[in-house]
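In this note's numbering, the protein residues as written are 322 to 1253. Yeah, the Cβ is synthetic: ideal placement off N, Cα and C, and Gly gets one too.
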């Protein structure tokens, strides 16, 4: 039951603590000091660090400084000690004039926290000024008939000090005729008056000399004196009297000099010189005295120079009228200056935080400035604004201080620099505007990864390239700046054939140029997939990847390999049988050869290089079949020697030769009997073969020279041919005439030109590059070229090693397949004629390949000799179905189709949309086989 009794007390205690906290915050935000005037420079006014609760190390680190508006800075802040000291001597009279209290207000800014503290310093007065009269000598004229008790105003002394240090008393030198009376006015002014104590007698004494002393109440007191010369005049019993005791006038501050303000008038009933009045200005500040001018005869008051409301808004003066007899009258004149809107707002930047990070949160202060107007009322009220299309907003901080803060998160990549125009407009009529321009830079952060020009790249490289060859160059752009935009390229670790990708290809980390570290072999592998990473140098670093496919292009670097017949390993000589009854066209044997290359590099042709009996046998150009060209005669030798050359269609072409021995007999026993008695004679025509080869080389050289001459002639007519082709609008409109030769309805390019092709699939782009030109001959059907495919358009420019967008490539022509009657034979065809048909389907193709390879296997095993089997002469084993494909590599992908730009591949490769794998056999150089 005791808890409820204490609850009201606890609540009162909490409320009291809250009020004390609020009071302490209010006191902490303000600091008041006092300092006497005329103190020396460096005088310690107070310790700001202690009074405002700031640590000494914060004064320098947080940028604490003094902000004073429109006034010279009178005080400095010592950041080491935290003391507020005087910057130079302070004169209270100059600063505050006659104000009872002299207060100096300014602000202390903590830039780090954007906090302002108000400081108020009272300048206390010291007795540093003595009372001062306007003149050192004063003349007072008194009529001799003046009655005792008459008072005569005396000039006042002016003491700019205040309080007890100001003017306190007057003293008059001892005199029998005069005394001094001090009158205190309604405004507190002390006015001395000379009182006539005894009647004067001009004849007795015409002049009196007095001394008036003015003293203040300071410690020690200060004083000054004026000599008063009293002249006794004849009778003048009327003093001038003003029409009004106080004159008032209002005037705009922008009136031109010479403007009449008002006219004071005083009357004197005396006549003559005693009634003539002269006007004079009294009791006005020396600086203000030059602003007005008074006509001493008419009493008209006008401006002598321009007025300024901001300098002084109220003027008070005393006008004295004196007649010729020395009598005086006084009146007050009050002039009120009215403000006009003649001052533009003043904008002062206090703090500018530039550059600002682009990830600065919303509400971050970027600029602190002050906007004020020296005018008053509505003329001094200022409104500030900025452009509408900026991500900033203005906030009124304290009094006339404004903060410019971010309205949203900035993006340097969108705008890296802002030109902000702050407009300050007062509310006067007409309003006046002041504009300041602020340049704010946005500091970059690493917020953007490098971006490649394309989503993927495809690069084509001919095989057998030199080591260190520059393959391609990738480029990634980073919209950031400085180190955030510095891109470093690298390869993603991967393996190919159990070796890292970095052992095949390297990349320059600065330029993005790819180099081949080894010579590539098309027969080992045909493509290389890799990932390139672009990483910037920011903190933390950002990166992006791009896929790059390197395709190896075939070159004619493999000579044809003869599978059948093969040289026996037992030292015997393989013999083929041809009966004497064979008619022309009889199939004697078949030369089977393959080429590890692909395309036209693997397109083989056969020819009879040498024969012991010319004209007896013929070799199929594309089939390799050896047939009788005429009927065998009795005079024909039993043993015929044939040299068959197999040559591919690469550039330059490679070839191989094989020597065949054909036995001419009707039966096997006769052959055996004859062969037993036949010794292998020395070849008498071996020297002839050398001669033939020399003649063939000379003929080929002549043909080549003629071809070059024709080619040059065609190039000279190129412009004419190009114009004709462009006019015709055919598929070869862009192909120079000198680059196409027609052969049996087939157009063959003398030179293959590379193309950059950009293939687009959906939103992803594949970039295809042929980095080096290929000079292999390529056969393209005329019908295919007439369809305006990109491969029929020549491009004589070298291939750039850059990732620029390329000409898109049309899809491959699917009309390359020939009808059954049009398809030419290959090196493995079983047809005896030169126009044999190509197999219809995959099964027929595999059967044909099996038969070809069976022949090769039989030749390798030596079964092609006459001892291979009784009655078969080795033909049954050579063409039998028992041989399978599992012992011999598949060379179907190397079959080249004349008149087409495609190469047949196996069905599995087509279904998987993959390039057929290259052969794994060792490459062999071209050369002739050793004859047995």
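- Going by C-alpha positions, residue 618 is about 58 Å away from residue 437.
- Contact check for residue 644 and residue 577: beta-carbon distance about 34 Å, past the 8 Å limit, so the pair fails to qualify.
- Of all alpha-carbon atoms in 624, 878 and 442, the one lying nearest the alpha-carbon of residue 429 is that of 442.
- If the five residues before and after residue 566 are omitted, its C-beta is found closer than 8 Å to the C-beta atoms of 652 and 653, all from its own chain and listed in chain order.
- Annotation for residue 422: no alpha helix (DSSP H) segment contains it, and DSSP assigns it neither H nor E.
- The Cβ neighbour count for residue 922, taken over all protein chains shown within 10 Å, is at least 16; the residue is labelled buried.
- Taking the Cα of residue 815 as reference, the smallest distance to any Cα among 869, 782, 1024 and 765 is reached at 869.
- Taking residue 593 as the centre and dropping the five residues before and after it, the same chain places the C-beta of 645 closer than 8 Å to its C-beta, in chain order.
- Excluding sequence positions up to five before and after residue 859, its CB lies within less than 8 Å of the CB of 766, 767, 801, 804 and 805, all in the same chain and listed in chain order.
- Taking each of 811, 784, 783 and 789 in turn and checking the Cα distance to residue 795, the smallest one comes out for 811.
- In this structure, DSSP gives residue 489 an extended state, which the three-state scheme calls strand.
- About 5 Å separates the Cβ atoms of residue 452 and residue 488, confirming a contact at the 8 Å cut-off.
- Per DSSP, the continuous alpha helix (DSSP H) segment holding residue 369 begins and ends at 369-373.
- The closest CA to that of residue 916, considering only 491, 971, 956 and 946, is found on 971.
- At the C-beta level, residue 876 and residue 785 come within 8 Å of one another.
- For residue 410, no alpha helix (DSSP H) encloses it, and the DSSP letter there is neither H nor E.
- The segment 651-671 makes contact with the segment 743-757, as at least three CB pairs between them are under 8 Å.
- With a contact defined as Cβ atoms closer than 8 Å, residue 465 and residue 412 miss out at about 48 Å.
- Per DSSP, residue 381 lies in no beta strand (DSSP E); the unbroken alpha helix (DSSP H) holding it starts and ends at 377-382.
- DSSP, read as helix, strand or coil, puts residue 705 in strand.
- Beta-bridge partners of residue 1037 (DSSP): none assigned.
- Contact between the segment 925-933 and the segment 945-962 is present: three or more C-beta pairs spanning the two stretches fall below 8 Å.
- Taking 3 residues as the shortest admissible run, the segment 728-777 contains the following complete beta strand (DSSP E) segments, listed from N- to C-terminal end: 738-747 and 754-764.
- Under the DSSP assignment, residue 607 falls outside any beta strand (DSSP E), being part of the alpha helix (DSSP H) whose first and last residues are 607-610.
- By the neighbour-count criterion, in which 16 or more other beta carbons inside 10 Å mark a residue as buried, residue 434 falls on the exposed side.
- Contact check for residue 731 against residue 675 fails: the beta carbons are separated by 8 Å or more.
- Annotation: the continuous beta strand (DSSP E) that includes residue 548 extends over 544-554.
- In this structure, residue 439 lies away from residue 550, with their beta-carbon atoms at least 8 Å apart.
- For residue 455, same chain residues with a beta-carbon under 7 Å away, outside a window of 5 residues either side, are 476 in chain order.
- Nearest in C-alpha terms to residue 591, of all of 557, 579, 416 and 607, is 557.
- DSSP places residue 473 in the uninterrupted beta strand (DSSP E) bounded by 472-474.
- Taking a cut-off of 8 Å for Cβ pairs, the segment 619-626 and the segment 536-546 do not touch, as fewer than three such pairs fall below it.
- Between the segment 768-778 and the segment 684-701, the count of Cβ pairs shorter than 8 Å is below three; the stretches do not touch.
- Its chain contains 490, 491, 511, 512, 513 and 514 as the residues whose beta carbon lies nearer than 8 Å to that of residue 503, once the 5 sequence neighbours on both sides are disregarded; these appear in chain order.
- In the three-state scheme derived from DSSP, where H, G and I count as helix and E and B as strand, residue 1030 is classed as helix.
- Distance from the CA atom of residue 582 to the CA atom of residue 633, rounded to whole angstroms, is 16 Å.
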